[in-house]
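Below is one structure, written out as structure tokens; the observations come after it.
Protein chains in written order, with my numbering: chain A, 433 to 939; chain Y, 433 to 939; chain G, 433 to 939; chain H, 433 to 939.
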């Protein structure tokens, strides 16, 4: 049995109606549960996947451990060349992969393609990085001593990703981890197994073409049980986890207990502040992208809109107007701005969230309902609510925007900083004194602090991640690569004396 | 009642027979338990200290929170100038402070003075750093956008230090934290309260001379209860903890649960490898300093000596000879190499450890006994034992050295890496192919990887810390300062368009 | 014979009525011409100095060459400690030295003290730097190869400074050169020999206290002939020259011919742009400091004021009003804002300049005359003139400000960039789109690009210097230190194979 | 008329029998002299080229100036993507281009291909760099001030390359200059115009495909007259010149007089030192590649071999043996190690050089003659000579190796450093104390300092270039990119006060 006509492109990126979900020691296999991947737009099955069993996992990790001895000894620029080839292979399949992201995850096509483009960008970036993973030579206070800071590969990096960015987050992690000399073990989200498989196929193809062990990149479709195996596995030096603060905290605890390292990208609850002097049109467009894009299922989604009292009503009016015109529908269709939520459970969660909102005094200004259909569609929603309502402190994963009023910048920053999460934040203003206060010690406490742009849509050149309950990790650009390596402070005495630091005499 | 004659110098660094143990909001106080500080050389009381109560703690933290608003807004170079003055004030009291370190902790005088010198060095280093806490301007892919990486102060940094470096570890943390714009809350070890007080006096004096709130540096004498208050206190963004892996893990768990940051410097279990071509004399001198220095109570103390079979016996013979000549006695006395263990409990622990060693097949080659005296003196001890004995995987905090034989470099590295801890390590050889293998991906897995020098005695210019059960933190030099700051990725749109990253079109 | 009463403080910084002007091999001597140092406020002799002869020079350089072998082998942090002591020694004499700068150079006392403070700041900065002169370890594409970038000392750095910053510029160069491991040969300006001697005394004292060869710092009072000896001397790897573009070009040519390195800080011709939305009060205060401070004799002095047409007249009126109230007089007197020009020749030059200005259509709005007195006093002067007048392209070293009108930002930037020099520039505005255009690719072409502050008064943490005819050098902070070192790209093959880069096979 | 059969591949990289030699404003043209490109293996014409006239030059520069306004405003990562495409286009033609390099320049095919691979590597490296051209945010000592170091494009970079690396050196410069935002003006060597044209075609194709002005890359075939136009042209901010020290000095003088910047890669005269403990086989293979590779026409060619007296004769014997077996012949033929010199004039120069050598006491141990043929073939030559012979201080551009004997390391380093040039150097030893002395302050004074590898064959990740008469420039990796940008130190006051640096009060 083949694919429905509109899904035939899947066979061009290596997918069939039923797919083994594990890439283990260079071979595709799967002996765990069979799961169906559903199209969020109609909840029909796209294809089936056989997830990993414990045996698959163990075999995969054994091969991966062996492969790591080979991979870490390959010079970094050679590893960079492999990543370059991965980028080129992705580029050749950009449209198909982007289409699959839209189909399986539910985000609109431009966002699906944009997500794949982001991995390609990461590959290009990582290639350059492969000649710049620089250590340091630090002046020693002792004659005839060379002091160095050397960066070595970690060995194996585990990457657990979430449904909302089913491949970009892999790219952030894997591109860097690979050039840094670590093998990668990937567990994609349980509801986006086809993307996990398609991406893995691309990478596997490059490894094979270069006669390298496939186990350098080991991939498992699976759920929380596989996630736990990864968290507990002391062969995995670093676990990079993307997901909720609650689960992240558990992962971190498990990994810490075996003295492993964690890199966490957890919940967000981002705010946009609009000052009285803001370019309102720019702000409204930005809020729309930040709150409705990806159906509000980005970690950087704007969930809180803080409006200066002087422009409160006019911005709100414009925004409500815009919300009413948002085209909802099939994410693959041209012109759609709002696709479905990812799963039926997400829809349930939305419904429940609206109830809680109402019970805490929230006033629905627009939206607030689900849309009757086979799929998981809901209305883009604006809620007027107090910043103190408990629901505002939580991350409701859907297109629900809380609107609040403020009088002073100080007050706006306090509200911005008043939630447990600390991922992204943005202000709209043209006044330098506000801009630099906002990015300074008394400004936003988030990892991403924007001005006149949305809270979402980060570039790869900067470090991505957030503070507080968002977990403190940083991925993608800047010096994020250091998290994927092991630092040694080395001192070589090449003289024949033994001078001691701090001028100590001993014996 | 005053001090005994030989302790009169204490009054010149602000100490009396009974001392309030908390520097809170610029005032000395203490309403908790009264404890006596004992001289490890004779277990006589040096002076008494009133520890912190919960009320002292709470009042201190409140003032510290307020002070942090002032301190973080002071330009970094101005903060650097305060730290410069602290360095100068310490320099003026170097000998007295070093003497106090020897007296209260038990390490020999050159080490006591060296420890204080290390803080002074840290101050000098931090002053320069105060003009180099550089953020980045990163090329944006969007026109009319400025992308920046900005570093802001954390707010308050908690520092919990251990008895073995009662002041240097404070220096590593506080000098950096202060120039980085954070206030510091310090809890010294319960058994070295006089050093905590004397150090705090110096810093307090500088703050007062500059009309700055004393609460910028808040200091508590106290035990595990105060440590727990710090770990749980969400006003403290970063907790830097030095101590055992076991306690460190608990601290980390507590801090993580409130989504705070941890910087851990935990147990070590360092090895020295002596290759067949080593300069044996250099190696023997180094092992002596590494294993006997500070009575084996450094986290970087060499606890395992790996000798190539071809030189095994000759090195061992020389070492045993040297051990027999080690002068044991009053740490303040000239010529002493081995002072007492820090507490009577440490001595008990040594006795127990020797029993366990014997029960696991260890053969005592020299030492192995306590020395009858009022103080906590024990013999420097060498034990022949298998690398597989469980006791070898643990950190026995005293001058006990395990000796093992190996045949190949690969084997030696495997033994080096076979313990849970990953702090320091050293090899003695002159062959480049071994040196660079040792510091490379398949070499030592420690944070400190030395060649032809001991495992201990780090310089401040490099980053200090270790992997695995040692906790992964890095203190002192290199880019350790980044851990004391909050990183924001900022993008400012100064144009009037809204281009999106990855070329996405939305709406 | 002693000093006049008000000059008695000079004896406290080691000066007498007649002073040998060379510090050569640790000894003060001088066998060249005798020159008198004059007080610019009354052209009376302060004291006499015996300048360097060719023999003095040669003996000094010989000793300096020898000393460089010692100095370059001292570990950088040890060199840093020497520089720290120099900073402390300067701090102890700050007021006296600042007073001497005012007395001999003619700048007002707060500026004199500020200049000495700047060297002290440089010392503090350089101490930190002494542990951060980091090389790199760069990933090699070849297995078993270590690629490094190593920084080594240059050997000897020659520093030729100008009268207008008779000691700060030495500080920028010498503090960095010394921690970088080079000896310094200094020739101060011929008209500020007392400062040269007093500064040298301080440094010499520290070297002597540390039992280091005095020749590490070698100092000559002298004129162009000594400057030429330095330029031609192939023992001097780097010549750092501060002065006019014309002389700088000649120095560069001479140094290049012997394949030496040059670091040039040459003429400036800085502009301030005031936009229509500027804080006019802030702008006026800034222009006053930038145009009148140091009597217009800074290289960063604002010489051109570009006013938006909409605020042209009002800013000009305010400025003329302020100029009329500038207190002119003895620079050591409290309240004086404008001291004398440095020499009688400078006054002549001012008179000639005013004539040229008039002949080219310049309209004197205020000032324009010399002040009758024994000293070299002139009036602070504002001239309305076309940006195309040839005189505007030149650097007239005095308090003469050219005012021009513009309509658009583009026009203002074109005028700013239309002069041969490219040192400093500033704009006053609050609009981010203007600010970031101004500092961007199509903005100011200067090395210093300010917003809402004057063109002068740089901090040491940044790199100081300018483009085009200003010479392209960078001094003080940032990575300026790299200019004072020699970079080696080192590759160590520690394997037994010979793989070639770019995958080449040979033989 | 077409190509000879063996040259038909040329038409696949855009070449014909007669080619316009200028790519000006996106169009191929040429109105200057017609020159023939000769095959060095037989001195037969490969094809003809019409060089640039002054009019071609002027038109090209005008268009380039205009294009630079567009290019510098394109975000750097977008520029990086263009360079990525250039890399891919080169990769697609690697073998043909490599073949052309061998054919026209005369180096053997593996080296021809390796040279093209090096540009491809540079492209990959530059793509990553395009997101890492980072400025800095530096802590300001003034409240409410932001201090930044911003890097802006230079505008236009002129690149003048030499025949020996007819395209790699372009790659080092152009890849970096382009991502840094500058347009490139290239003048290739007069005797390798076909490579210039073929390379330009590739780049032009990419620009055209992206609808960018061709003038972003402007290319001229021509001789010294065009070189002088470039040197004098004040529209060209930076002139990167590769060639002899003599010509380089003239270029530098011309460029400096208009206050432009120079980046010089001039003559080399590299030495290899073989210590008594060296791996002789490794050393002999390395010397062969370093002295005979590229027929001794690399700037990094080993021209001086310094042998420890204890191994002098044995190394020499082996080397002479190897030299006698070097296969000389058509560089395109498999197995050839030594192709022809580049031109008949080079052959003349070789003949003359041998005469001078003999007249100065040099003893020819092997080689020393030209080979009778149509081409420019000469024998690989070893000469025993004193390090003091004047001819040893010069760069004889051919496969002539001077051999010398030494007794101590100190002596060997002195000989190494005794020539005017300072490009590359290498030592063969296994002793760390020698290795680190060699790369330290008292070691080699060259820009490239190797251990156990040849003097040539640099990787792109490091900075390439040399000291003294080699000109001091650095190209390719590390922070070489900074030379292709303009640095601005920017301070933004976003407060309403005007605090001054160094605590100065003014008015």
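Beta carbons are placed, not taken as given, at the ideal position from N, Cα and C, and that holds for glycine.
Give me the residue from the options with the minimum Cα distance to residue i.
i: residue 890(Y); options: 565(Y), 497(Y), 601(Y), 815(Y); result: 601(Y)
i: residue 755(G); options: 799(G), 746(G), 762(G); result: 799(G)
i: residue 519(H); options: 792(H), 457(H), 603(H); result: 603(H)
i: residue 559(Y); options: 610(Y), 883(Y), 568(Y); result: 610(Y)
i: residue 955(A); options: 695(H), 664(H), 564(H); result: No answer is possible for residue 955(A): it lies beyond the span of chain A, which begins at 433 and ends at 939.
i: residue 824(H); options: 620(H), 713(H), 633(H), 736(H); result: 736(H)
i: residue 932(G); options: 826(H), 599(H), 714(H); result: 714(H)
Is it buried or exposed for residue i, if we count other Cβ within 10 angstroms and need 16 for buried?
i: residue 502(H); result: exposed
i: residue 784(G); result: exposed
i: residue 482(A); result: buried
i: residue 440(Y); result: exposed
i: residue 479(Y); result: buried
i: residue 466(G); result: exposed
Please check the pair residue i and residue j, which I expect to be a contact at CB under 8 Å, by giving their CB distance rounded to whole angstroms.
i: residue 504(Y); j: residue 873(A); result: 4 Å
i: residue 614(A); j: residue 916(A); result: 6 Å
i: residue 888(A); j: residue 686(A); result: Actually they are not in contact, since the Cβ atoms of residue 888(A) and residue 686(A) sit about 30 Å apart, beyond 8 Å.
i: residue 455(Y); j: residue 651(Y); result: 4 Å
* Note down, one range per segment and in chain order, each beta strand (DSSP E) of at least 3 residues found wholly within the region 684-763 of chain A. => 693-697, 702-706, 734-740
* List in chain order: all unbroken beta strand (DSSP E) runs of 3+ residues lying wholly within the region 800-857 of chain H. => 813-816, 832-838
* Asked: Listed from N- to C-terminal order along the chain, which residues in the region 843-861 of chain G have their beta-carbon within a distance smaller than 8 Å of any beta-carbon of chain H?
  -> 852
* When you check each C-beta in the region 568-594 of chain Y against every C-beta of chain H, which residues fall closer than 7 Å? -> 568, 569, 570, 571, 572, 573, 574, 575, 580, 582
* Going along the chain, which residues of the region 922-939 of chain Y sit with their C-beta nearer than 7 Å to a C-beta in chain H? -> none
* Residue ranges of each beta strand (DSSP E) within the region 435-465 of chain H, 3 or longer -> 450-452, 454-456, 459-461
* Would you list, in chain order, the members of the region 700-718 of chain Y that have their beta-carbon closer than 8 Å to a beta-carbon of chain A? => 711, 714, 717, 718
* Asked: Fully enclosed by the region 489-552 of chain Y, which alpha helix (DSSP H) runs are 4 residues long or longer?
  -> 508-524, 526-537
* **Members of the region 862-884 of chain H near chain A, C-beta cut-off 7 Å** => 864, 865, 868
* Any residues in the region 675-703 of chain A with a beta carbon nearer than 8 Å to a beta carbon of chain Y? Which ones, in chain order? -> 677, 681, 684, 685, 688, 689, 691, 693
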